[in-house]
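Working notes for the structure below.
Residue numbers (our numbering): 42 to 483.
If you want it as structure tokens, here you go:
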């Protein structure tokens, strides 16, 4: 009879115990395999299946196999609930902003502002992408702004490559400014002990430093594309969607105002979405059911289930050795070298296990020192620009380009990341160190 072993590592009843492999080692192997399957599935997405198709069963296996007690899994999902709720609300808000013409207006504005200059267009796209990421999250930049940038580059008569690559780089690295800009920020926000405005104040300098470095790297890396003469086409004036822009501005202000009162940002984002949805529903009387269905689908419920499942799978790995390993590797001091080491470790971990799992693993280890939490966010937000698997947003950006029959060059992506990521990490950590020093002085 061949050797049999249960998922939890315990031998079947009636068989002798094999002392060679400790229970913890077997559990660790199973946890690693489950996470590897989930991430590989998210990268490949066979037959277009959603990421949740692997993450939810993997989470069930982790609980059923004893890698994670049901109570711990339940607590993890409860902890993730507000973050996932915000993710759904902000996706709906971005979808409705697009329906109001916000992204089309931004694209037309960029095309006119470029005045036939590829370099000027890159500058404008940098500004728009940074603003969209900060206010509507990185998913809006990848999903909604990237197609607009393609159209804008065509209208401006320039090569689209620099602007399109800027969308994914600024979706990741440009998400440092506000807690609502990235799922990683939301997961770590509570551990920083900062208010909404306090977080923005501490991360403003690193954010500006990253934008400056990214812009310099893009100007150098895409010098050939930017030097190609433009052949602009006439761009018709596009009226500003004033109502939608006002709602978005009020929503952003609401994030800052609601947080001291203990109101979750998900409720603020949901309020903004309702404010944009109601007039659309009134206008589209004959399409009301379709409009409601579109809004519901825009929340991407399957992706939300994926986040819950991924959280449980990562918890299985954390409980079976990863927490101990990361704790041993992570410095406890928030001096400059400590900040740099945590940021580098976070960037490396993001490219091994993806930035959301990396955040779930690192934040509990560094939660004792807010400065180290912010350094970890620098790593998990900038690091994904190094490889495709660093963040789900980058994978989504890649799929969008493939769907347009304009697949990105893997070698160009890797070379660009190899130049920009180390430089941005260093610049952001220096800026964070300065911001922390200033905060203690002030």
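Heads up, the beta-carbon is just placed ideally off N, CA and C, and yes, glycines get one too.
Of the listed residues the options, nearest to residue i (C-alpha basis)
i, options, result
"residue 126", "147, 345, 393 and 286", "345"
"residue 317", "288, 297, 411 and 105", "288"
"residue 280", "219, 405, 143 and 220", "143"
"residue 347", "69, 102, 79 and 405", "79"
"residue 431", "397, 440 and 417", "397"
"residue 477", "435, 450 and 410", "410"
"residue 440", "76, 70 and 91", "91"
"residue 236", "218, 249, 297 and 384", "297"
"residue 146", "111, 175, 133 and 185", "185"
"residue 131", "458, 479, 114 and 173", "173"
"residue 210", "472, 454 and 470", "454"
"residue 473", "380, 89 and 96", "380"
"residue 268", "245, 464, 218 and 202", "202"
"residue 100", "351, 448, 403 and 175", "351"
"residue 375", "156, 255 and 413", "413"
"residue 106", "404, 354 and 239", "354"
"residue 24", "358, 462, 335 and 338", "Nothing in the structure corresponds to residue 24, since the chain is present only between 42 and 483."
"residue 81", "252, 96 and 226", "96"
"residue 469", "260, 253, 294 and 335", "253"
Assigned secondary structure, residue i (DSSP; H/G/I helix, E/B strand, else coil)
i, result
"residue 322", "helix"
"residue 66", "helix"
"residue 450", "coil"
"residue 281", "coil"
"residue 418", "helix"
"residue 443", "helix"
"residue 92", "coil"
"residue 261", "helix"
"residue 375", "coil"
"residue 110", "coil"
"residue 409", "coil"
"residue 231", "helix"
"residue 464", "helix"
"residue 334", "helix"
"residue 173", "helix"
"residue 480", "helix"
"residue 147", "helix"
"residue 427", "coil"
"residue 339", "helix"
"residue 395", "coil"
"residue 327", "Low confidence applies here, because residue 327 scores a pLDDT of 47, under 50, leaving its location unreliable; read the following figure in that light. The answer is helix: DSSP assigns residue 327 an H, G or I state."
"residue 220", "helix"
"residue 129", "helix"
"residue 474", "helix"
"residue 201", "coil"
"residue 155", "helix"
"residue 304", "coil"
Local Cβ density within 10 Å of residue i, reported as buried at 16 or more and exposed below that
i, result
"residue 302", "exposed"
"residue 445", "exposed"
"residue 87", "exposed"
"residue 119", "exposed"
"residue 124", "buried"
"residue 360", "buried"
"residue 74", "exposed"
"residue 182", "buried"
"residue 255", "buried"
"residue 369", "exposed"
"residue 340", "buried"
"residue 66", "exposed"
"residue 187", "buried"
"residue 116", "exposed"
"residue 68", "buried"
"residue 178", "buried"
"residue 292", "buried"
8 Å contact criterion, which residue i and residue j should meet: CB distance rounded
i, j, result
"residue 466", "residue 393", "That belief does not hold up - the Cβ atoms of residue 466 and residue 393 are roughly 16 Å apart, past 8 Å."
"residue 428", "residue 229", "At roughly 21 Å, the Cβ-Cβ gap does not stay under 8 Å, so residue 428 and residue 229 are not in contact."
"residue 221", "residue 306", "6 Å"
"residue 426", "residue 257", "The Cβ separation is near 15 Å, so there is no contact."
"residue 113", "residue 356", "6 Å"
"residue 190", "residue 436", "With 8 Å as the limit, residue 190 and residue 436 do not qualify as a contact, their Cβ atoms being about 18 Å apart."
"residue 200", "residue 194", "7 Å"
"residue 251", "residue 217", "6 Å"
"residue 262", "residue 460", "7 Å"
"residue 314", "residue 134", "4 Å"
C-beta neighbour in chain B for residue i, strict 7 Å
i, result
"residue 85", "No chain B is part of this structure, which consists of one protein chain only."
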